[in-house]
Structure formats: structure tokens, C-alpha cells
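Student:
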Amino acid sequence: MDPVDSVSPTVGRVILNDTEVSRTLTRMAHQIVESDPDGPLLLLGIPTRGVPLAHRLAEAMRQVDGRDVAVGQLDVTMYRDDLRGQPTRAVGRTVIPGLTGSGTDTIDGVTVVLVDDVLYSGRTIRAALDALSDLGRPRAVRLAVLVDRGHRQLPIRADHVGKNLPTAAGERVRVRLAESDQVTEVRILPPVTSESSTGESR
Amino acid sequence: MRHLLSAADLSADQAIAILDLAEEMAQIQSRPVKKLPALRGRTIVNLFFEDSTRTRSSFELAGKWLSADVINVSAKGSSVSKGESLRDTVQTIDAMGVDALVIRHQASGAPLQTTQWVDAHVVNAGDGTHEHPTQALLDAFTMRRHFRTLGDESFAGRKVAIVGDITHSRVARSNVALLTTLGAEVTLVAPATLQPSGVTSWPVRISHELDAVLTDTDVVMMLRVQKERMAGGYFPTPREYTVGYGLTRDRLARLGDHVVICHPGPMNRGLEISADAADSAASRVLEQVSAGVAVRMSVLYQLLGGDAGTTTGAA
Numbered sequence: 013m014d015p016v017d018s019v020s021p022t023v024g025r026v027i028l029n030d031t032e033v034s035r036t037l038t039r040m041a042h043q044i045v046e047s048d049p050d051g052p053l054l055l056l057g058i059p060t061r062g063v064p065l066a067h068r069l070a071e072a073m074r075q076v077d078g079r080d081v082a083v084g085q086l087d088v089t090m091y092r093d094d095l096r097g098q099p100t101r102a103v104g105r106t107v108i109p110g111l112t113g114s115g116t117d118t119i120d121g122v123t124v125v126l127v128d129d130v131l132y133s134g135r136t137i138r139a140a141l142d143a144l145s146d147l148g149r150p151r152a153v154r155l156a157v158l159v160d161r162g163h164r165q166l167p168i169r170a171d172h173v174g175k176n177l178p179t180a181a182g183e184r185v186r187v188r189l190a191e192s193d194q195v196t197e198v199r200i201l202p203p204v205t206s207e208s209s210t211g212e213s214r
Numbered sequence: 006m007r008h009l010l011s012a013a014d015l016s017a018d019q020a021i022a023i024l025d026l027a028e029e030m031a032q033i034q035s036r037p038v039k040k041l042p043a044l045r046g047r048t049i050v051n052l053f054f055e056d057s058t059r060t061r062s063s064f065e066l067a068g069k070w071l072s073a074d075v076i077n078v079s080a081k082g083s084s085v086s087k088g089e090s091l092r093d094t095v096q097t098i099d100a101m102g103v104d105a106l107v108i109r110h111q112a113s114g115a116p117l118q119t120t121q122w123v124d125a126h127v128v129n130a131g132d133g134t135h136e137h138p139t140q141a142l143l144d145a146f147t148m149r150r151h152f153r154t155l156g157d158e159s160f161a162g163r164k165v166a167i168v169g170d171i172t173h174s175r176v177a178r179s180n181v182a183l184l185t186t187l188g189a190e191v192t193l194v195a196p197a198t199l200q201p202s203g204v205t206s207w208p209v210r211i212s213h214e215l216d217a218v219l220t221d222t223d224v225v226m227m228l229r230v231q232k233e234r235m236a237g238g239y240f241p242t243p244r245e246y247t248v249g250y251g252l253t254r255d256r257l258a259r260l261g262d263h264v265v266i267c268h269p270g271p272m273n274r275g276l277e278i279s280a281d282a283a284d285s286a287a288s289r290v291l292e293q294v295s296a297g298v299a300v301r302m303s304v305l306y307q308l309l310g311g312d313a314g315t316t317t318g319a320a
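Chains A and B are the protein sequences, given in the same order. For the first sequence, position 154 matches number 166 in our numbering, and the numbering has no gaps at all. For the second sequence, position 128 matches number 133 in our numbering, and the numbering has no gaps at all.
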């Protein structure tokens with residue numbers, strides 16, 4: 013389990029509550045529609061929290077201009093740069109609508125929007141870009157994140173940011189979504205003194 | 006998981022994890038770029054003391070599609086033919102700094118013994134009449150896909166008949182271990198001469214009547230009659246074997262619509278399986294071969310994907 017999830021639900025400070033998350037996603041949906049008014053669009057959520065976020069964004073875009081957007085998910089585990097030096101990571105699912113099982117490559121010429129919950133070091137996105145290039149050649153790749161908490165370690169930026177959240181490196185940001193966690197909120201958690209160096213601090 | 010030596014070592018959860026990951030791996034078989042970077046920089050040696058087409062080539066493809074460097078060493082053309090011992094051979098290869106050894110050997114227990122001598126991860130690709138765990142995993146993968154089309158991918162209560170030479174079959178042993186772990190009911194069908202001693206203590210049903218078993222099964226797995234091991238007079242004539250235990254055209258016609266046919270290959274057409282059965286719509290023989298690559302990718306990733314040899318739940 014992600015160590016950020018195991019912390020008691022009342023620790024820390026709420027940054028976005030349920031309503032604010034919805035409002036933020038609606039704004040992001042507008043931005044995505046504006047930045048890409050036509051052409052095929054594919055939202056790819058990065059597991060775990062990126063997947064329900066991608067579905068929520070697609071629903072919001074449907075309400076904004078009636079546009080039906082394809083949604084999939086892209087697991088980047090096998091493209092990570094930190095596979096060694098820790099136990100074997102479990103691999104999540106990759107679902108590319110139209111691609112899975114059909115044998116045809118539908119991301120060629122498509123604008124792909126990668127969706128994740130928190131942008132931190134940028135390493136996950138680097139892995140996602142590599143994974144995408146093995147799937148085909150999208151027309152463009154954009155990045156939408158609910159929270160950008162800074163501390164980038166790679167030259168990567170998001171195109172659509174729900175909330176810019178300045179944080180200290182030791183702090184952790186926890187996104188919870190009703191789809192998987194009963195409640196929807198973004199919470200900032202104080203640094204942990206021990207065992208915080210292992211696992212995925214975000 | 007540090008080594009994969011026996012299907013009996015796998016818990017149900019571990020086996021399902023391997024099968025689930027194999028479903029993901031199977032996706033890349035239909036992609037234009039058949040490459041994942043997960044094992045970049047790792048080295049895998051296929052060490053085959055017995056002949057093999059599908060196992061060796063699918064292990065090789067599995068390693069290469071995961072970006073590992075793979076080399077093949079077979080007994081013919083290596084120092085083994087000069088009389089080098091197993092220990093010296095595996096230690097020589099291990100000393101070159103390889104990460105995994107995939108071993109097929111005619112002696113039961115050779116992979117287990119090898120783990121005492123080397124630092125590398127060891128995968129059993131078939132040892133004597135003992136086990137062939139990746140074959141059982143690919144069989145389970147194929148069956149699970151079939152069960153899914155029937156509405157429920159679970160093995161609980163599913164019936165699998167394994168027919169033929171149980172005595173000499175490492176495929177049968179691995180399948181019995183894995184399928185019973187997963188909850189399936191296994192029936193072994195063989196003439197008494199081809200049932201191993203002690204089979205009554207296995208968690209299976211035993212039958213001599215193929216026709217009766219075929220009326221009540223979801224999967225029928227035909228084992229190869231291993232002609233190289235048939236010097237002992239286990240049955241009077243090949244013809245008599247076919248009449249008693251072959252999947253003939255008549256028996257094929259009587260199979261239920263939901264039954265699929267598996268065979269680990271290579272097939273003796275006309276002996277244990279008729280050409281009609283091998284090429285029928287119920288046959289899953291080629292699906293088994295495709296599954297072999299996906300399952301072996303999954304196994305190699307589980308063994309070599311991290312460092313500590315354990316799996317975390319982090320996504």
C-alpha cells in the first residue's frame with residue numbers, strides 16, 4: 013500500500029474539498045477543450061488515481077461541449093527508472109481504447125492527454141512518455157494534473173494544472189477520490205520522521 | 006519469488022498474480038513495437054540439456070521483449086559434449102555474471118541442485134519427469150481465458166482431464182500441482198501401466214475410462230506419448246493406445262460445445278490426438294504457444310523486475 017494512504021485520514025490540512033475538486037476539474041476540462049478544439053482526443057489516466065480523474069475529466073468535457081472523448085489508462089511501471097533497488101513492483105493495467113486486442117494502433121495521429129493526480133519529480137511522466145512512444149506516434153502529448161507540488165527533477169511541466177501547491181520536500185500530498193477512497197479531497201500531510209524514505213512519497 | 010522450480014511452490018495468489026500480469030504482457034504481442042524496457046541490462050541464459058523448440062524460443066522471446074540480453078546454450082555444441090559436469094557448466098556461466106539461468110535437464114531436480122551452486126535466479130524449464138512449471142502456467146492461462154468466455158474466470162469447480170502418459174510427464178505433475186492449488190478438479194486418465202506409483206496420494210481422481218471422463222469435463226489435455234521413453238512395453242501397440250486413450254475423431258464428435266482441447270506439444274498426430282481434433286475449433290494448441298511467451302515474460306519480470314525478490318502492492 014502507498015504509505016501516503018496508510019496515514020490516518022484526519023492528519024494534515026485539506027487543500028481542496030469535494031466541491032473544489034469538481035470545480036477544478038470542470039475548469040481543466042474547459043482548458044483542454046479550448047487548447048484542442050478539434051481532432052481526436054484520448055485521455056490516458058496513469059494508475060492509480062489518474063484513472064478515475066481521466067474519467068471525471070472526460071465526463072466534464074462531455075458537459076462542456078458535448079464532446080465524446082475516449083478514455084484509457086496507461087501503466088508505466090515497466091518504464092520506471094527505479095525498478096532496481098527495491099522489491100518487484102506490481103504492474104497495473106494498460107487499456108488503450110480501440111488498441112487493446114484489435115491489433116490496430118489508434119494513438120497514431122491522436123492528441124493524448126496524460127492525466128495524473130500529483131506532479132512531483134516528473135519521473136512518472138518521463139516513464140509515461142516512453143511508454144507512449146512504444147504504443148505509436150501521437151500527434152501531440154499534453155499533461156493534465158490535479159496538483160502540481162513542485163520539486164521537479166526532470167525538465168517536465170504540465171499543460172493543465174488544477175492547483176499549484178508549493179510544498180516542502182518532506183511534506184506529502186494525498187489525493188483521495190470517491191471512486192476508490194470513499195471521500196474526495198486533496199490533503200497536505202506533514203513530513204514523517206521515520207520510514208518516509210521508502211516507498212512513494214509524493 | 007527468487008526461483009521458479011516447481012508449480013507446487015506457488016500459492017494461489019502468486020499464481021494468479023503471474024497470470025494477471027501475463028494478460029498485460031500478452032497485449033504487447035499485438036503491438037507494433039514488441040518491447041518493454043523493464044529488464045534492460047539484465048542477462049538471461051537459456052541452458053538446454055534436452056531438445057526443445059517452443060520452450061526455448063518462447064523463453065528467448067520473453068527475455069528479449071523485456072529488453073534483457075538472452076543467450077542460448079545447448080548441450081550439443083557446448084563443453085557438455087566434452088564431458089563437463091552440470092556443476093562446472095552452471096558455475097562457469099554464473100561466473101560470467103548472468104542474472105537468470107533457465108534450465109532444462111533430463112535429470113529431475115537439476116534446477117533445484119543448481120540453486121545451491123549459483124547466485125543467479127533459476128527457472129525450471131523442465132527437469133526429467135519432475136516438473137515443468139511454466140508449461141503449467143501457460144496451460145492455466147489458456148484455460149482461464151476459456152473459462153472467462155464461459156462467464157467466470159475462476160478455477161473453482163472447473164474440471165480438467167489430463168490424458169496419457171502420466172508416469173513420465175513433468176507437464177502432468179506441474180499441472181496437477183497448479184490446477185489443484187487454483188481450485189480445479191483434475192482427473193488423470195491413463196492405462197494402469199502409465200500411472201506413476203503413489204498416484205493415489207495425489208489430490209486427483211484417477212480413471213481408466215476416457216469416454217466416461219469426456220462426458221463430464223471442461224478441458225481435456227492430451228499428453229504426448231513420449232516415444233523415447235516407451236521402451237518398457239507400457240502398452241501393446243500404438244494402435245491399441247489410440248483406441249483406448251487417443252482423442253479420435255469419434256471422441257471429438259462427442260465432446261460438449263464448451264470443452265476445449267490442450268496439448269503441450271509436440272503432437273503425435275494419429276497417436277494420442279487425431280488431426281481432426283488437433284485442428285478443430287476446440288483446439289487451443291496454438292493459443293497455448295502464444296500464452297507461453299506472455300507467461301514467461303510475466304515470470305521473468307516477477308523474478309528479475311526488482312532486487313529484493315518480493316512483490317509489493319504499490320501501483
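From the three backbone atoms N, C-alpha and C, an ideal C-beta is built for every residue, glycine too.
Check B/Lys81 in the structure and name its three-state DSSP category.
Tutor: Here residue 81 of chain B corresponds to residue number 76 of the second sequence, with the count starting at 1. Assignment of B/Lys81 by DSSP, reduced to helix, strand and coil, places it in the coil class.
Student: Would you mind sorting B/Thr172 into buried or exposed? The rule is 16 or more other CB atoms within 10 Å of its CB.
Tutor: As a position in the second sequence, residue 172 of chain B is number 167, starting the count at 1. Its Cβ being crowded by 16 or more others within 10 Å, B/Thr172 is buried.
Student: For B/Asp312, which residues in chain C fall below 9 Å Cβ to Cβ?
Tutor: Protein chains A and B are contained in the structure displayed, whereas chain C is not.
Student: Which chain A residues sit within Cβ distance under 8 Å of B/Val128?
Tutor: The sequence position of residue 128 of chain B within the second sequence is 123, counting from 1. Per Cβ cutoff of 8 Å: no residues; B/Val128 is ~15 Å from chain A at best.
Student: Going by CA-CA distance only, name the one from A/Arg186, A/Ala102, A/Val204 that's closest to A/Asn29.
Tutor: In the first sequence, counting from the first residue as 1, residue 29 of chain A sits at position 17. With distances taken between Cα atoms, A/Asn29 lies closest to A/Arg186.
Student: Whole-angstrom Cβ separation of B/Asp99 and B/Val123, contact assumed at under 8 Å?
Tutor: If you number the second sequence from 1, residue 99 of chain B lands on position 94. If you number the second sequence from 1, residue 123 of chain B lands on position 118. B/Asp99 to B/Val123, Cβ: 4 Å. Contact.
Student: Beta carbon of A/Val127, beta carbon of A/Leu65: below 8 Å?
Tutor: Taking the first sequence and counting its residues from 1, one reaches residue 127 of chain A at position 115. Taking the first sequence and counting its residues from 1, one reaches residue 65 of chain A at position 53. Note that the C-beta distance between A/Val127 and A/Leu65 is below 8 Å.
Student: Please tell me whether A/Thr36 and A/Leu177 are closer than 8 Å, where the distance is taken between their beta carbons.
Tutor: Counting from one through the first sequence, the residue named residue 36 of chain A turns up at place 24. Counting from one through the first sequence, the residue named residue 177 of chain A turns up at place 165. Against a cut-off of 8 Å, the Cβ pair of A/Leu177 and A/Thr36 comes out as no contact.
Student: Strictly below 9 Å CB to CB, what residues from chain A border B/Val38?
Tutor: By one-based count along the second sequence, residue 38 of chain B stands at place 33. For B/Val38, the chain A residues whose Cβ falls inside 9 Å of its Cβ are Ser145, Asp146, Leu147, Gly148, in order along the chain.
Student: Mapping DSSP to helix, strand and coil, what is A/His67?
Tutor: The residue labelled residue 67 of chain A in the question sits at position 55 within the first sequence. DSSP places A/His67 in helix when its eight states are reduced to three.
Student: Since A/Asp142 meets chain B, which of its residues come closer than 9 Å, beta carbon to beta carbon?
Tutor: The residue labelled residue 142 of chain A in the question sits at position 130 within the first sequence. Listed along the chain, the chain B residues whose CB falls inside 9 Å of the CB of A/Asp142 are Pro42.
Student: Taking the continuous beta strand (DSSP E) assigned at A/Lys175, which residues delimit it?
Tutor: Looking up residue 175 of chain A in the first sequence gives position 163. Note, A/Lys175: beta strand (DSSP E), 172-176.
Student: On the three-state DSSP scale, how would you describe A/Ala156?
Tutor: Mapped onto the first sequence, residue 156 of chain A falls at position 144. In the structure shown, A/Ala156 sits in a strand (DSSP, three-state: E or B).
Student: Restricting to Cα atoms, I'd like to know which of A/Thr118, A/Arg68, A/Val204 is closest to A/Gly51.
Tutor: Locating residue 51 of chain A in the first sequence gives position 39, where the first residue counts as 1. Nearest of A/Thr118, A/Arg68, A/Val204 to A/Gly51, Cα basis: A/Thr118.
Student: Quick one: residues in its chain with C-beta nearer than 6 Å to the C-beta of A/Arg8, no 5 flanking neighbours on either side, listed in chain order?
Tutor: An answer regarding residue 8 of chain A cannot be provided, because it is not within the stretch 13 to 214 covered by chain A.
Student: When you compare only the Cα positions, how much space is there between A/Thr89 and B/Ile108?
Tutor: Translated into positions along the first sequence, residue 89 of chain A becomes position 77. Translated into positions along the second sequence, residue 108 of chain B becomes position 103. Taking the straight line joining both Cα atoms gives about 28 Å.
Student: Count the other CB atoms, across all protein chains shown, that sit within 10 Å of the CB of A/Pro59; report buried if there are 16 or more and exposed otherwise.
Tutor: Counting from one through the first sequence, the residue named residue 59 of chain A turns up at place 47. That one is buried.
Student: From the DSSP output, which residues share a beta bridge with B/Ala100?
Tutor: The count along the second sequence starts at 1 and reaches residue 100 of chain B at position 95. B/Ala100 pairs with nothing; no bridge assigned.
Student: Which term fits A/His172, buried or exposed, when burial requires 16 or more other beta carbons within 10 angstroms of its beta carbon?
Tutor: Position 160 of the first sequence, counting from 1, holds the residue named residue 172 of chain A. Flag for A/His172 reads buried.
Student: I'd like to know whether the C-beta of B/Leu183 is nearer than 8 Å to at least one C-beta of chain A.
Tutor: Residue mapping note: residue 183 of chain B aligns to position 178 of the second sequence, counting from 1. No, B/Leu183 lies away from the interface with chain A (no Cβ there is under 8 Å from its Cβ).
Student: State the start and end residues of the unbroken beta strand (DSSP E) segment that holds A/Leu201.
Tutor: Within the first sequence, residue 201 of chain A is the residue found at index 189, counting from 1. Here the beta strand (DSSP E) through A/Leu201 covers 197-201.
Student: Of all the residues that make up the stretch 200-233 of chain B, which are near chain A by a beta-carbon distance shorter than 7 Å?
Tutor: none
Student: Applying the 10 Å Cβ sphere with the 16-neighbour rule, what's the burial state of B/Pro37?
Tutor: As a working mapping, residue 37 of chain B is identified with position 32 in the second sequence. Counting Cβ neighbours within 10 Å, B/Pro37 comes out exposed, since fewer than 16 surround it.
Student: Distance, Cα to Cα, A/Val63 vs A/Ala170?
Tutor: Position 51 of the first sequence, counting from 1, holds the residue named residue 63 of chain A. Position 158 of the first sequence, counting from 1, holds the residue named residue 170 of chain A. Each residue's alpha carbon lies about 17 Å from the other.
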